[in-house]
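S.K.: Chain order of the listed sequences is B and F. Residue 36 is where the first sequence starts when you use my numbering, and the numbers rise one by one after that. Residue 5 is where the second sequence starts when you use my numbering, and the numbers rise one by one after that. This is the structure, below, for whatever I ask next.
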Amino acid sequence: MNTGNTKVMNRFDVTSRLIAKLKNEEAVIGGIGNTNFDLWAAGHRPQNFYMLGSMGLAFPIALGVALAQPDRRVFALEGDGSLLMQLGALSTIATLKPKNLIMIVMDNGIYQITGAQPTPAAQVADIVAIAAGSGLANSAWAADEEDFERLVDEAMTASEPSLIAVRIDDKPGVGTTRRDPVQIRERFMHGLGVREPL
Amino acid sequence: MAIAEQHNSTQAAQASSDKSWHGIVLQTLKRNEISLIPYVPDRVLTPLIKNLHADPFFTTFATAREEEAVGILSGAWMGGRRGAMLMQTSGFATLANVLASLAVPYQIPLIMFVSERGTLGEFNYGQSLVCRTMRPVLDSLALEHHTITRLDELEFIADRSIKQAVTTQAPVALILNPLLTGGKVFDK
Numbered sequence: 036m037n038t039g040n041t042k043v044m045n046r047f048d049v050t051s052r053l054i055a056k057l058k059n060e061e062a063v064i065g066g067i068g069n070t071n072f073d074l075w076a077a078g079h080r081p082q083n084f085y086m087l088g089s090m091g092l093a094f095p096i097a098l099g100v101a102l103a104q105p106d107r108r109v110f111a112l113e114g115d116g117s118l119l120m121q122l123g124a125l126s127t128i129a130t131l132k133p134k135n136l137i138m139i140v141m142d143n144g145i146y147q148i149t150g151a152q153p154t155p156a157a158q159v160a161d162i163v164a165i166a167a168g169s170g171l172a173n174s175a176w177a178a179d180e181e182d183f184e185r186l187v188d189e190a191m192t193a194s195e196p197s198l199i200a201v202r203i204d205d206k207p208g209v210g211t212t213r214r215d216p217v218q219i220r221e222r223f224m225h226g227l228g229v230r231e232p233l
Numbered sequence: 005m006a007i008a009e010q011h012n013s014t015q016a017a018q019a020s021s022d023k024s025w026h027g028i029v030l031q032t033l034k035r036n037e038i039s040l041i042p043y044v045p046d047r048v049l050t051p052l053i054k055n056l057h058a059d060p061f062f063t064t065f066a067t068a069r070e071e072e073a074v075g076i077l078s079g080a081w082m083g084g085r086r087g088a089m090l091m092q093t094s095g096f097a098t099l100a101n102v103l104a105s106l107a108v109p110y111q112i113p114l115i116m117f118v119s120e121r122g123t124l125g126e127f128n129y130g131q132s133l134v135c136r137t138m139r140p141v142l143d144s145l146a147l148e149h150h151t152i153t154r155l156d157e158l159e160f161i162a163d164r165s166i167k168q169a170v171t172t173q174a175p176v177a178l179i180l181n182p183l184l185t186g187g188k189v190f191d192k
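As structure tokens, this is what we get:
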């Protein structure tokens, strides 16, 4: 894997750094498993959406939000194993070019939650090269936490979709999302200003 | 061959008519403010896809896989924009997991148009087998679905089903039968 001197970071720490930067009610879609557990643990926001299944759909869901609300920045957090399930989505996003969409891949090379089995890509594939080859030119590895924050800042004003890949350790998520899909969806819609509470 | 020719000439005659099945579908989508149309293509759907692309009201685009379209429409709905997806029978067969883990439990009014392959003159055994999985999957999740066979019933079924999906926050599958569309017939 051509990740150079990329530092191995921690998912919860990186997620917390992202959330701390959000000042404009940006939407955040958390992929299945540890990715959304750490989003939950970083502190619930009304603009957070947590997936409880449909592995691989964090980027497509975020694309839908981005197309519906082009003036809002939309972040998607996805694991490497999840992304491998839906690589075609990268080309769909590259074709539609929503400039308000920012994709973050948490790459530990394992299916941590099922017992830390290595993914088929772990030793051979480079997520950023795959993204670039799929047409997402604005794709980069974060070298360390500081570089991650810099890449997020750049993505906030980018004129095309951005993908930031982060090498992370093998730690599990630090929280557990409350598994209430209807409430998650309804509160997210309130957070996006689509609906008012009853 | 005669059937194929008859079918092709019928399609050509319908290309610009609002009273064709695809014209009615397009107008019904528009009337219900459904503007986002991801699809995985199908031969029978070609005139509909072509006309959707040509109409700036719609954002029409291909996805690499049907599951992607379910994700996109779920996100769009939550963001306040309505959409519908187009696919063929074999594409629907890839969706059981995301229907059961996203659209149904999160109460997303996912509107699906399925061009029905595998029946009434199917020439590919695999298509006829995969077709038999479609309604059992829909029924197992208690999803609303209608098989549309008649042009004079299309607008009523499509319009009412879209409104029901939105108001009850539940997915719906509208299955476009070969009796409506002409279907795809063997063509060497």
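For every residue, glycine included, the Cβ atom is placed at its ideal position computed from N, Cα and C. All values reported here derive from a predicted model rather than from experimental measurement.
Any beta carbon from chain B within less than 8 Å of F:Ala8's own beta carbon?
M.R.: Bear in mind that a pLDDT of 45 at F:Ala8, under 50, signals an unreliable position, so the model cannot answer this.
S.K.: Do the region 128 to 137 of chain B and the region 87 to 106 of chain B touch if we need at least three Cβ pairs shorter than 8 Å?
M.R.: yes
S.K.: Note down, in chain order, each residue of its chain lying with its Cβ closer than 6 Å to the Cβ of B:Ile96, except the 5 sequence neighbours on either side.
M.R.: Cβ within range, chain order: Ile64.
S.K.: For B:Ala124, decide whether its Cβ has a neighbour in chain F, counting only Cβ atoms nearer than 8 Å.
M.R.: yes
S.K.: Excluding the 5 residues flanking F:Leu155 on each side, which residues of the same chain have their C-beta closer than 7 Å to its C-beta?
M.R.: Contacts found: Trp25 and Leu184.
S.K.: For a quick check, are the C-beta atoms of F:Val134 and F:Thr93 less than 8 Å apart?
M.R.: Yes. Within cutoff.
S.K.: Residues in the same chain with beta-carbon distance under 6 Å from F:Leu49, minus the five sequence neighbours each way, listed in chain order, please.
M.R.: Leu90 and Ser119
S.K.: Quick one: grab the DSSP three-state call for F:Asp156.
M.R.: helix
S.K.: Measure the C-alpha to C-alpha separation of F:Ser13 and B:Ala62 and round it to an integer number of angstroms.
M.R.: The predicted model places F:Ser13 with a pLDDT of 46, which falls under 50 and marks its position as unreliable; any figure quoted below should be read in that light. Cα to Cα, the separation comes out at about 49 Å.
S.K.: Just to confirm before moving on: does the CB-CB distance between B:Asn40 and B:Ala160 stay below 8 Å?
M.R.: Contact flag unset, no.
S.K.: Just the C-alpha distance for F:Ile112 and B:Ser117, rounded to the nearest angstrom, thanks.
M.R.: 22 Å
S.K.: When DSSP labels each residue in this structure, what does F:Gly125 get in the three-state scheme?
M.R.: coil
S.K.: Could you tell me whether the Cβ atoms of B:Asp115 and B:Gly144 are closer together than 8 Å?
M.R.: Yes, the Cβ-Cβ distance between B:Asp115 and B:Gly144 is below 8 Å.
S.K.: State the DSSP-derived secondary structure class of B:Gln82, mapped to helix, strand or coil.
M.R.: coil
S.K.: If you draw a straight line from the alpha carbon of B:Asn45 to that of B:Arg222, how long is it in whole angstroms?
M.R.: 28 Å
S.K.: By DSSP, does F:Gly87 sit in helix, in strand, or in coil?
M.R.: If DSSP states are grouped into helix, strand and coil, F:Gly87 belongs with the strands.
S.K.: Who are the Cβ neighbours of B:Pro155 in its own chain at under 8 Å, not counting the five residues just before and after it?
M.R.: Within the same chain, Leu119 come within 8 Å of B:Pro155 by CB-CB distance, once the 5 residues on both sides are set aside.
S.K.: What are the start and end residues of each continuous alpha helix (DSSP H) run of 4 or more residues lying completely inside the region 38 to 75 of chain F, in chain order?
M.R.: Within the region 38 to 75 of chain F, the alpha helix (DSSP H) runs of at least 4 residues that lie entirely inside it are, in chain order, 50 to 58.
S.K.: Closest to F:Leu66 by CA distance: which of F:Ser78, F:Asp59 and F:Ile41 is it?
M.R.: Checking the displayed sequence, the identity of residue 66 of chain F turns out to be Ala instead of Leu. Ranking F:Ser78, F:Asp59 and F:Ile41 by Cα distance to F:Ala66 puts F:Ile41 first.
S.K.: My assumption, with CB atoms under 8 Å, is that B:Ile139 sits in contact with B:Val229. Please give the rounded CB distance.
M.R.: No, B:Ile139 and B:Val229 are not in contact; Cβ-Cβ is about 24 Å, not under 8 Å.
S.K.: Excluding the five sequence neighbours on either side, which residues of its own chain have a C-beta within less than 8 Å of the C-beta of B:Leu186, listed in chain order?
M.R.: Ala175, Ala177, Ser197 and Ile199, listed in sequence order.
S.K.: In whole angstroms, what is the alpha-carbon distance linking B:Gly78 and B:Leu233?
M.R.: 24 Å
S.K.: Find the residues of chain F that neighbour B:Arg220, judging by a C-beta separation of less than 7 Å, and give them in chain order.
M.R.: Met82, Tyr110 and Gln111
S.K.: For the region 53 to 74 of chain F, which residues have a CB atom closer than 9 Å to at least one CB atom of chain B, in sequence order?
M.R.: Thr63, Phe65, Ala66, Thr67, Ala68, Arg69, Glu71, Glu72, Ala73 and Val74
S.K.: Would you list, in chain order, the members of the region 76 to 90 of chain B that have their beta-carbon closer than 9 Å to a beta-carbon of chain F?
M.R.: Phe84, Met86, Leu87, Gly88, Ser89 and Met90
S.K.: Buried or exposed: F:Arg86, going by 16 or more other Cβ atoms within 10 Å of its Cβ?
M.R.: Classification for F:Arg86: buried.
S.K.: So which of F:Lys167, F:Pro51 and F:Leu142 has the shortest CA-CA distance to F:Ile179?
M.R.: F:Leu142
S.K.: Is F:Thr137 closer than 8 Å to F:Asn181 when the C-beta atoms are compared?
M.R.: no
S.K.: Go through its chain and collect everything with a Cβ distance to F:Pro109's Cβ below 6 Å, but skip five positions before and after it.
M.R.: none
S.K.: Please report the straight-line C-alpha distance between F:Lys54 and B:Ile203, rounded to a whole angstrom.
M.R.: 44 Å
S.K.: What residues from the region 114 to 146 of chain F come within 8 Å of chain B, judged by C-beta to C-beta, listed N to C?
M.R.: none
S.K.: Cβ atoms of F:Met82 and B:Phe94: under 8 Å apart, would you say?
M.R.: no
S.K.: Within the 8 Å Cβ cut-off, does B:Thr130 reach chain F?
M.R.: Chain F contact via Cβ: present.
S.K.: Could you check what DSSP says for B:Pro207 in three-state terms: helix, strand or coil?
M.R.: For B:Pro207, the secondary structure class from DSSP, reduced to helix, strand or coil, is coil.
S.K.: Under a Cβ-count criterion, where at least 16 other Cβ atoms within 10 Å of its own Cβ denotes burial, should B:Gly150 be classed as buried or exposed?
M.R.: exposed
S.K.: Hey, quick one: how far does the alpha helix (DSSP H) through B:Leu65 stretch, first residue to last?
M.R.: Checking the sequence, you will find Gly at residue 65 of chain B rather than Leu. From DSSP, B:Gly65 is part of no alpha helix (DSSP H) but of the beta strand (DSSP E) over Ala62 to Gly65.
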